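Remarks on the structure that follows.
In the working numbering, the protein residues as written are 43 to 229.
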């Protein structure tokens, strides 16, 4: 993930779209389809895959942000970090000022952690909402896929019936016995 260490929030947004488009286009590749329903099914499958990739990539960015909370990229244009002052004194008070410096450094570190979490939590909702909308779109695409697959299944059944009738006609023309339609029982 060192490649992503220099990526900005806008770069992450662009990468999410690139991943979704590439995955969707990969699902368009395949054997040629000729029927309109098969063409629609291929396009719908590509849209479903691209949408799923979009949702997954957005969630991956959220997890990346969570794994790198202290990264200053999430605070661009937001709250600055706090630095503790260095206390110094003469040699007699040096142990006391060293202890106070340690306490102040710890306090400043804790405040910076809270600031980093706040800044990251202001960046993450964009990606979470995008993933949510994509997930909602996936429900509609899944319903459309199911409807289209039932239409294709009906077309296949009609084609099988036509082929069976054609085979029966050919057998009758050749003087062969009629085609016996046997039902297979499952035991």
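Using N, Cα and C, we set each Cβ at its ideal position, and we do this for glycine too. Keep in mind it's a predicted model, so treat the numbers as computed, not measured.
By the criterion of a C-beta distance shorter than 6 Å, residue 162 is surrounded in its chain by 107, 111, 116, once the five residues flanking it on both sides are discounted.
The criterion of a C-beta distance shorter than 9 Å is not satisfied by residue 48 and residue 57. Looking only at 151, 76, 77, 54, the smallest Cα-Cα distance to residue 105 is reached by 54. Burial state of residue 66 is buried, judged by a 10 Å Cβ sphere holding 16 or more other Cβ atoms.
In chain order, 79, 82, 83, 86 place their CB closer than 8 Å to the CB of residue 190, counting only its own chain and leaving out the 5 sequence neighbours on each side.
By the beta-carbon neighbour count (other beta carbons within 10 angstroms, threshold 16), residue 96 is buried.
With a cutoff of 9 Å on beta-carbon distance, residue 89 and residue 176 are scored as not near each other.
The residues 77, 79, in chain order, have a CB closer than 8 Å to that of residue 197 in the same chain once the five nearest residues on each side in sequence are set aside.
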